[in-house]
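Have a look at the structure below, then the notes.
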Amino acid sequence: MTRRRNTSNGQSPSISLVVPALNEERNLSYVFGRLPEGITEVILVDGGSKDRTVEVARELYPGIRVVQQTRTGKGNALACGFEACTGDIVVMIDADGSTDPEEIPDFVAALTSGADFAKGSRFRPGGDSHDITRLRRLGNHGLNGIVNILFGTRFTDLCYGYNAFWRDVVPLLGLPSTSTPRPANGDRLWGDGFEIETLINVRVAAHGLSISEVASVEGPRLHGVSNLNAFSDGIRVLRTIIREYRRLRRAPKAAVPAQRTAAGPVAGQPAAGQVEAGQFQAGHGG
Numbered sequence: 009m010t011r012r013r014n015t016s017n018g019q020s021p022s023i024s025l026v027v028p029a030l031n032e033e034r035n036l037s038y039v040f041g042r043l044p045e046g047i048t049e050v051i052l053v054d055g056g057s058k059d060r061t062v063e064v065a066r067e068l069y070p071g072i073r074v075v076q077q078t079r080t081g082k083g084n085a086l087a088c089g090f091e092a093c094t095g096d097i098v099v100m101i102d103a104d105g106s107t108d109p110e111e112i113p114d115f116v117a118a119l120t121s122g123a124d125f126a127k128g129s130r131f132r133p134g135g136d137s138h139d140i141t142r143l144r145r146l147g148n149h150g151l152n153g154i155v156n157i158l159f160g161t162r163f164t165d166l167c168y169g170y171n172a173f174w175r176d177v178v179p180l181l182g183l184p185s186t187s188t189p190r191p192a193n194g195d196r197l198w199g200d201g202f203e204i205e206t207l208i209n210v211r212v213a214a215h216g217l218s219i220s221e222v223a224s225v226e227g228p229r230l231h232g233v234s235n236l237n238a239f240s241d242g243i244r245v246l247r248t249i250i251r252e253y254r255r256l257r258r259a260p261k262a263a264v265p266a267q268r269t270a271a272g273p274v275a276g277q278p279a280a281g282q283v284e285a286g287q288f289q290a291g292h293g294g
């Protein structure tokens, strides 16, 4: 059922922007220069940068909140950022310039029109990527197909980190606690790495939430080198899919957040049981 939510001020929802960053000082002027109006708070999650990432962020956006992540990896950075958010809506983007902040209103519009989760897609009409390699594209396509079969979804782009959602969705994600220490052997907790995007997507789907895909154009990284490894991170994503599918089959479906208020179909949105292009409610696969 499409649902509306009460916002903190009863009017337009407040928006928290989470930006994980590690040595991104040269990219921040582009990212912050393209922020649209209406962002309530910007949270930079620093992963222990050795350059002037934090200083530059504060110079460019004086009201920014800087959070130091508690372990390592993008997943932990996002969890720390989500924990610090106070807005009604949470938007997650990258600090390397590949995700365009000017698209944020499209994600917010999808949420205020009734979706629980707005998922960026480079492969919907209107989307594109100027960064993805042929190998990563093939891997994404294969992993995407596996998730659609197992979880009853219709994702077009599994491994893309541009997403937005209502903040009351965060507890459903079940991300590793930010207070848990990193294992003594130096390994990452499951969910602390690049598998975080897949983990979030499949858990949202497993809870049967309304998902709306938003066409997005991924740009190339402006400066620096990506920490992504197509093979090793692809294996982690595949293992995440298998783990989550087994977990779903063992566990009962969790309840939707109590603070959500049912208001019937939103004007212009499909009624229960109907789906418009790019929007769906995931069912349990298998």
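Here the numbering used here is used: the first residue of the sequence shown is 9, the next is one more, and so on.
Even glycine gets a Cβ: it sits at the ideal position worked out from N, Cα and C.
ALA259, buried or exposed, once every other Cβ within 10 Å from all chains shown has been counted against 16: exposed
Residue range of the beta strand (DSSP E) that includes ASP124: Here ASP124 belongs to no beta strand (DSSP E), and DSSP marks it neither H nor E.
Whether ALA103 touches LEU36 by CB criterion (9 Å): yes
Closest Cα partner of ILE157 within the set SER57, TYR253, VAL178 and ASN193: TYR253
Stretch pair the segment 160-180 + the segment 206-224: three plus CB contacts closer than 8 Å: yes
Contacts around GLN19, its chain only, beta-carbon distance under 6 Å, and the 5 residues preceding and following it disregarded: none
Ordered list of beta strand (DSSP E) runs contained in the segment 10-57, each at least 3 residues: 23-29 and 49-54
Member of ASP54, LEU217 and ASP96 whose CA lies at the smallest distance from the CA of LEU86: ASP54
Residues bridged to ASP136 (per DSSP): VAL225
Contacting residues, own chain, Cβ-Cβ under 7 Å from GLU110 (five flanking each side not counted): ARG42 and PRO44
Any 3 or more C-beta pairs closer than 8 Å across the segment 88-98 and the segment 175-188: yes
Reduced DSSP secondary structure (H/G/I, E/B, other) of GLN287: strand
Same chain only: Cβ atoms within 6 Å of GLN76, ignoring 5 sequence neighbours per side: ASP54
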